[in-house]
Amino acid sequence: MDLLDDLAWRGLLYQVTDHEALAKRLEQGPISLYCGFDPTADSLGVGNLVQILLLRRFQEAGHRPIALVGGGTGLIGDPGGKTAERQLQAKETVVEWAAGFGQQIARFLKFDGDNAARMVNNLDWLGEMSAIDLLRDVGKHFPVPYMLAKDSVASRLESGISYTEFSYMVLQSYDFLQLHQREGCELQIGGSDQWGNITAGSDFIRRSGGSQVYGLTCPLVTQADGTKFGKTEAGNVWLGADRTSPYEFYQFWINAPDASVVDYLKVFTLKSREEIEALAASVESDPGKREAQRALAESVTALVHGEEACRKAEKISRALFYGELKELEVDEIQQGFGDVPTWSMGEAELGLVDLLVNAGVVKAKRQAREDIKNGAIYLNGDRCTDLDRVVRKADGLHGQYVVIRRGKNKYFLVQ
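If you read the sequence shown in our numbering, its first letter stands for residue 61, the second for the next number, and so on.
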């Protein structure tokens with residue numbers, strides 16, 4: 061199966077400027093391609109992984125990927141996919157975020173060998189351009205009616221769009237021209253919300269007398285309920301471990317619904333078609349085993365955070381499922397219970413009934429006694445039915461933490 065056929069099977073082909081011409085060009089030999097990532101936060105989100113892995117799929121097929129960090133365009137803001145103006149960030153903030161993006165992206169690409177990846181920052185050329193140069197040498201190639209017809213602009217005309225964001229298309233198109241001239245880049249890829257900007261760049265290169273270039277987009281991934289991918293009740297799912305811990309990241313994937321897990325395996329893993337089809341069969345024949353979800357969670361977590369972090373995430377999951385909390389290390393406890401209600405016990409010791417009330421596990425001592433007698437209270441995985449139980453520092457896991465479970469899945473952490 062050739063690359064474009066594989067991308068189509070994975071659901072990663074949405075729009076191509078000239079599918080037949082691009083297919084012929086890829087048959088002729090390696091191509092240089094790029095994708096841009098604007099630093100709009102201090103970490104990339106899980107949705108960005110689609111494009112990052114798309115670059116990697118091209119690289120593994122022998123092509124040369126260029127990852128562009130938008131240190132310049134990140135100062136402006138892309139109107140695409142937004143209903144209101146983006147909040148502009150300080151230059152120092154964007155510089156810092158751009159550096160972080162580069163470090164995250166670098167983990168997924170190979171920067172040596174015949175088709176070594178390149179990392180570039182468009183601030184290097186946009187930061188040197190004067191307003192006169194922009195208007196005279198670039199802006200003259202962009203008819204206003206042409207720009208108004210693009211979805212990213214047209215969708216904002218009623219709600220309002222500033223000249224700043226209106227100009228974003230021009231800057232991204234200039235990026236494509238610069239990479240075409242500097243790196244021989246012939247293909248720009250991105251999410252489907254970037255189609256207008258990508259085609260504008262292709263047209264700009266054509267008007268500027270350049271050779272034929274191509275554009276390709278992949279669909280924006282959504283969750284089973286149609287909501288934005290990578291959003292949870294707690295917020296976004298980030299690639300940075302300091303924003304979303306490897307355990308939380310693992311849990312996001314392990315909880316993928318049966319209706320979506322095969323699609324996620326195609327998009328977010330590097331597994332072969334044969335491996336994915338075997339997992340798809342397991343979803344059909346025995347969905348209760350959740351083999352596909354485990355394979356998805358293990359593959360993506362190891363890809364993003366490494367094998368060791370993935371192993372720890374699996375260990376935490378098993379410990380929580382089987383109640384084997386005593387096996388967890390300090391950092392694993394912190395990961396596994398980082399989002400549960402936490403209370404610091406200043407006293408050297410405290411009766412269990414008082415502890416349950418003070419830690420917010422129950423509202424009143426009467427309820428605490430009932431829960432204890434009914435066997436609904438667990439300390440560090442062990443059921444506790446002793447009303448006179450006293451909890452001391454020595455009872456803590458590693459002398460630091462007592463994990464309280466009420467019922468099946470309500471957890472509380474006492475420090």
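Built from N, CA and C at the ideal position, the CB exists for glycine as well.
In this structure, the CA atom of GLY261 is about 44 Å from the CA atom of GLN395. Taking C-alpha positions only, LYS468 is separated from ARG378 by approximately 15 Å. Annotation: the continuous beta strand (DSSP E) that includes TYR274 extends over 274-278. Three or more beta-carbon pairs separated by less than 8 Å link the region 95-106 to the region 293-306, which places the two stretches in contact.
Around the beta carbon of PRO347, fewer than 16 other beta carbons lie within 10 angstroms, which makes this residue exposed.
The criterion of a C-beta distance shorter than 9 Å is satisfied by SER227 and ILE136. A buried status is given to ILE393, since no fewer than 16 other beta-carbon atoms sit within 10 Å of its beta-carbon.
Within the DSSP secondary-structure output, LYS288 pairs in a beta bridge with THR282. Minimum Cα-Cα distance from GLU344 among the listed residues ALA362, ASP318, ARG303, GLU368 corresponds to ASP318.
For ILE126, the number of other beta carbons within 10 angstroms of its own is at least 16, and it is reported as buried.
When DSSP assignments are scanned along the region 108-184, the uninterrupted stretches of beta strand (DSSP E) that are 3 or more residues long and fall wholly within it turn out to be 124-129, 178-181.
Around the CB of ARG124, 16 or more other CB atoms lie within 10 Å, so the residue is classed as buried. Rounded to whole angstroms, ARG429 and GLN147 show a C-alpha spacing of 52 Å. Counting the other Cβ atoms within 10 Å of the Cβ of THR304 gives 16 or more, which makes it buried. With respect to ASP62, ALA83 sits close: the two C-beta atoms are nearer than 9 Å. Within a 10 Å sphere around the beta-carbon of SER332 sit fewer than 16 other beta-carbons, which makes this residue exposed.
Look at the region 419-475 and you find these whole runs of alpha helix (DSSP H), each 4 residues long or longer: 425-433.
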